[in-house]
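Okay, so the sequence shown: first residue is 13 according to the numbering used here, each after it adds one.
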Amino acid sequence: MELTSFVLGVCAVIVIMMIVGTSVNYMAIKTLKKDFDNLNVSSSHEFEDIYRRREITDQEVYSRIDEVQQEGFRYTDSRVDKVINELERIKRNYIKEY
């Protein structure tokens with residue numbers, strides 16, 4: 013009888029330890045999954061911010077390139093206009109002389 017009680021007691025302790033171990037593992041896995049989900053959400057937001065900032069930077073760069081091109085076109089146009097005006101003046105003077 014004592015042996016049977018001892019074996020039943022040991023089995024009960026083992027079963028209780030298994031239940032406690034399983035519960036602890038379940039809680040640890042649940043916490044780990046929650047942390048992993050938070051990390052995914054956080055990294056997703058960071059990537060969205062990076063893409064948004066890159067888009068804004070690209071737009072700024074393209075607008076500055078357009079400004080520089082327009083400035084170059086205006087400068088070139090004004091120089092060409094000056095040359096054409098000077099040639100017209102020279103032509104008029106040449107025609108007046110002859």
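Ideal Cβ positions, reconstructed from N, Cα and C, are used throughout, including at glycine.
Between the C-alpha atoms of residue i and residue j, what's the straight-line distance to the nearest angstrom?
i	j	result
L51	V32	28 Å
R86	Y63	34 Å
I6	G84	The first residue shown for the chain is 13 and the last is 110, placing residue 6 beyond what the model contains.
Y38	L44	10 Å
Q71	T34	55 Å
V36	V22	21 Å
M13	A24	16 Å
M29	D47	27 Å
F18	S54	54 Å
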